[in-house]
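Notes to accompany the following structure.
There are 2 protein chains.
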Amino acid sequence: MDAPRGMADKAMLRTLRGDQPSRPPIWLMRQAGRYLPEYRATRAEAGSFLDLCYNPDLATEVTLQPIRRFGFDAAILFADILLVPQALGQKLWFVEGEGPRLEPVESREDLGRLKRTEDIHETLEPVYETVRRLSGALPRETTLIGFAGAPWTVATYMVAGRGGLDQAPARKWLYSESEGFAKLIDLLTEATIAYLLRQIEAGAEVVKVFDSWAGALAPDQFQKYAVEPARRITVAIKAIHPDVPVIGFPRGAGAGYAGFAKATGVDAVALDTSVPEEWARDALQSDSAVQGNLDPILLITGGDALVRRAERLIEILGDGPYIFNLGHGITPEADPAHVETLVRTVKG
Amino acid sequence: MDAPRGMADKAMLRTLRGDQPSRPPIWLMRQAGRYLPEYRATRAEAGSFLDLCYNPDLATEVTLQPIRRFGFDAAILFADILLVPQALGQKLWFVEGEGPRLEPVESREDLGRLKRTEDIHETLEPVYETVRRLSGALPRETTLIGFAGAPWTVATYMVAGRGGLDQAPARKWLYSESEGFAKLIDLLTEATIAYLLRQIEAGAEVVKVFDSWAGALAPDQFQKYAVEPARRITVAIKAIHPDVPVIGFPRGAGAGYAGFAKATGVDAVALDTSVPEEWARDALQSDSAVQGNLDPILLITGGDALVRRAERLIEILGDGPYIFNLGHGITPEADPAHVETLVRTVKG
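Chains A and B are the protein sequences, given in the same order. Here the working numbering = 1-based position in the first sequence + 3. Here the working numbering = 1-based position in the second sequence + 3.
Right, dumping it as structure tokens:
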């Protein structure tokens, strides 16, 4: 497409900038994923999951697949939150059916083995290339979202060397040697800023910061390691790109969602599945747009329950700035026909 | 002990009944557990974990161990939330180092294989015997807590046949065939009531209902499957034993904690680690007592951070009805010396 990409006809951007489109924009977390046969085909062609992330041709293709099929209002760059630690020099691999593995970073001394922030771009250049291609390839009404993992969530994987139930290794470090742990968070905050700025320069129109394990933090640590890094990232981005909206996702923050947008400056907060919609309307929507939070299980089970719940969310949240989404990523078991039904329900 | 057990000198009961002792009572979730060498010795003697649960001698012993060592204000019956499904006829076993396994109950038809509520007591009689022995053996200032898993949480294990990350099997059932799933929740609600009433008759002075996976429910389902069963259980207990306090623990409820005590009638809500203390004071403590919510990781790491955080919780919550506890069970890695420090800090 040669036409310049503007915001006038983008429902997602309009919502994030305080305008109210006639219906909420919709996209779904992990919308490019295993529930789609075309994704599985491209994934098989790519080789490993990381090969797919670093292949601009194929990463562009899988990002576009759900846009073609469902006409979502936003496309989100296909990548992984662990590319940043890899770009910082940490060894990363994926065990099929189990998830990511990393050579753990467990102490202040281990931090010395990591690269400097300015050196991450060499590894991440193919990701920026994917963003550039997407920026040229998307329909003009589709908003392009870039993203990164939040420093705390990325740190939980870096320290544990894998995903886990309670993020205990990172939590132990933050209590037992808080200065060293704060250095890791500082490094990740800087790297995240640098990474997101490059995505924006490559064409990302919105950026989202995924703090999937924010709910594992006690309240004082949540302020220190979830709120404060999100604020620093948002301020740094807006200092250079004041018009680029930032979406925060402090998953599991519970009552900690209240005040998160004000404290960090994000333009929208993504709500996990547990957040009550009336509470979101009353306690959150005056501070920022909200995004969420349909139970992804409903895209497996479908039926009336799916339609009724989607309608309910729109009824309660649709009078304020609202972006329709799930409360968690779509699962491999989801039925594309149910996604179709959902999109029809939201688009009206 | 022959002296009758009254409430006059029990800090825990006084707090739950709206009185304000000079300092918050303290006990810890899973205080009888693997972090204690004397527990590990008794556990080895017992054989399997289930053998320990069903052995009144040894279950009494492990319940008393942390009382002897630390002088906690409350003892909680040593048992497991999965004894109820086992008493209902579901096959249950534990895989060492992995956790519980059950023969899954996956459909309405499977419900027909379960026993009736009135038949659970035969299996559970040794648990009631443990409560009777504890009632006679505890120091008079120590409150005896009985407990059960909440219907939703127990159902997640019954349906999945094991513990899991997202409780997806139960969530799928509740959406895809909600009437059948509601029958399972009804059966568990009745069984839980019958179980807790027997514990009270055997000497439990307080009962706690653990809804460990409440946070996995979308808000509408949280009302239906967490709030409503907790209300029914509380009403049924108070109809017969109006003076027995009930503690609810809708772990991960986030903003759903607000209004939970009013909607269910519980006398206290146990707070998970993520709940901000100022919010608990402002939004919850006017409705009920609160209990919690120190990060259990601090009992691994210890030091100033432990003492400062405990003091902070007491400072913010200590002016209202407050029971000191963790936000989640104590871990096997916890250091008994740090528990000692914590108890000293709280008892002043």
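The beta-carbon is built from N, C-alpha and C at its ideal position, and this holds for glycine as well.
Chain A within 8 Å of residue i, Cβ atoms only
| i | result |
| --- | --- |
| Ser179 of chain B | yes |
| Val349 of chain B | no |
| Trp282 of chain B | yes |
| Asp5 of chain B | Low per-residue confidence applies at Asp5 of chain B: pLDDT is 37, beneath 50, and the placement is therefore not dependable, though the value from the model is reported in the following sentence. False, the Cβ-Cβ gap to chain A never drops below 8 Å. |
| Ile148 of chain B | no |
| Leu325 of chain B | For clarity, residue 325 of chain B is Tyr in the given sequence; the question names Leu instead. By this cut-off, Tyr325 of chain B is not an interface position. |
| Lys13 of chain B | no |
| Ala258 of chain B | yes |
| Gly255 of chain B | yes |
| Leu31 of chain B | no |
| Ala171 of chain B | yes |
| Gly218 of chain B | yes |
| Ala163 of chain B | no |
Continuous alpha helix (DSSP H) stretch holding residue i: start and end
| i | result |
| --- | --- |
| Leu316 of chain A | Gly306 to Leu320 |
| Ala151 of chain B | Ala151 of chain B -> not in any alpha helix (DSSP H); beta strand (DSSP E) instead, spanning Thr146 to Gly152. |
| Phe225 of chain A | Pro222 to Phe225 |
| Ile196 of chain B | Ser181 to Ala205 |
| Lys265 of chain B | Phe263 to Thr267 |
| Pro253 of chain B | That residue, Pro253 of chain B, is in no alpha helix (DSSP H); its beta strand (DSSP E) goes Val249 to Pro253. |
| Phe73 of chain A | Pro59 to Phe73 |
| Lys241 of chain B | Glu231 to Ile243 |
| Pro103 of chain A | Element bounds for Pro103 of chain A: not the alpha helix (DSSP H) but the beta strand (DSSP E), Gly102 to Leu105. |
| Gly139 of chain B | His124 to Ala140 |
| Tyr42 of chain B | Pro40 to Ala49 |
| Ala14 of chain B | Ala14 to Leu19 |
Proximal residues to residue i (C-beta, below 7 Å), its chain only, five neighbours per side dropped
| i | result |
| --- | --- |
| Arg174 of chain B | Ala219 |
| Ala6 of chain B | Any reading at Ala6 of chain B needs caution, since the residue's pLDDT is 40, under 50, leaving its predicted position unreliable; the model's value is listed next. Closer than 7 Å at the Cβ level, and outside the excluded window around Ala6 of chain B, lie Arg143. |
| Lys118 of chain B | Leu91 and Gly92 |
| Pro172 of chain B | Val162 and Ala163 |
| Leu301 of chain B | Ala308, Leu309 and Arg312 |
| Ala158 of chain B | Ala173, Leu187, Ile188 and Leu191 |
The ligand MN heavy atom lying under 7 Å from the CB of residue i
| i | result |
| --- | --- |
| Lys350 of chain A | In the structure shown, the ligand MN is absent, as is every other ligand, since no ligand is present at all. |
Chain B within 8 Å of residue i, Cβ atoms only
| i | result |
| --- | --- |
| Tyr160 of chain A | no |
| Asp223 of chain A | yes |
| Leu16 of chain A | no |
| Thr304 of chain A | yes |
| Ala292 of chain A | no |
| Pro24 of chain A | no |
| Asp298 of chain A | yes |
| Leu187 of chain A | no |
| Ala153 of chain A | no |
| Arg174 of chain A | yes |
| Leu301 of chain A | yes |
| Ala78 of chain A | no |
Own chain residues within Cβ distance below 8 Å of residue i, not counting five before or after
| i | result |
| --- | --- |
| Tyr260 of chain B | Pro253, Val272, Leu274, Val278, Ala283, Ala286 and Leu287 |
| Glu109 of chain A | Val162, Pro172 and Trp176 |
| Glu125 of chain B | Ala90 |
First through last residue of the beta strand (DSSP E) which encompasses residue i
| i | result |
| --- | --- |
| Leu53 of chain A | Per DSSP, Leu53 of chain A belongs to no beta strand (DSSP E); it is in the alpha helix (DSSP H), Phe52 to Cys56. |
| Gln89 of chain A | No beta strand (DSSP E) holds Gln89 of chain A; the alpha helix (DSSP H) holding it covers Leu86 to Ala90. |
| Lys352 of chain B | Residue numbering for chain B in the displayed model covers 4 to 351; residue 352 of chain B lies beyond these limits and cannot be assessed. |
| Leu329 of chain B | Tyr325 to Leu329 |
| Asp113 of chain B | Looking at the DSSP string, Asp113 of chain B is not in any beta strand (DSSP E); the run it does join, the alpha helix (DSSP H), is Arg111 to Leu114. |
| Ile300 of chain A | Run containing Ile300 of chain A: none; DSSP gives neither H nor E here. |
| Ala77 of chain B | Ala77 to Ile79 |
| Asp285 of chain A | Unbroken run through Asp285 of chain A: none, as it is neither H nor E. |
| Trp96 of chain B | Leu95 to Val98 |
| Val212 of chain A | Val209 to Asp214 |
| Val272 of chain A | Ala271 to Ala273 |
Own chain residues within Cβ distance below 6 Å of residue i, not counting five before or after
| i | result |
| --- | --- |
| Met4 of chain A | For Met4 of chain A, the pLDDT reaches just 37, beneath the cut-off of 50, and the residue's location in the model is therefore unreliable, leaving the point undetermined. |
| Glu41 of chain A | Gln68 |
| His331 of chain A | Thr276 and Pro299 |
(message) So if I threshold CB-CB distances at 9 Å, which residues from the segment 34 to 63 of chain B count as touching chain A?
(response) none
(request) Return the residues of the segment 228 to 253 of chain A that lie within a Cβ-Cβ distance of less than 8 Å from chain B, sorted by chain order. (result) none
(request) Give, in chain order, every residue of the segment 111 to 122 of chain B whose Cβ lies closer than 9 Å to some Cβ of chain A. (result) none
(request) Determine which residues of the segment 265 to 281 of chain A have a Cβ less than 7 Å from any Cβ of chain B, and write them out in chain order. (result) Thr276, Ser277, Val278, Pro279 and Glu280
(request) Could you run through the segment 311 to 322 of chain A and flag, in chain order, every residue whose CB is less than 8 Å away from some CB of chain B? (result) Arg312 and Arg315
(message) Which residues of the segment 325 to 346 of chain A have a Cβ closer than 9 Å to any Cβ of chain B? Give them in chain order.
(response) Gly330, His331, Thr334 and Glu336
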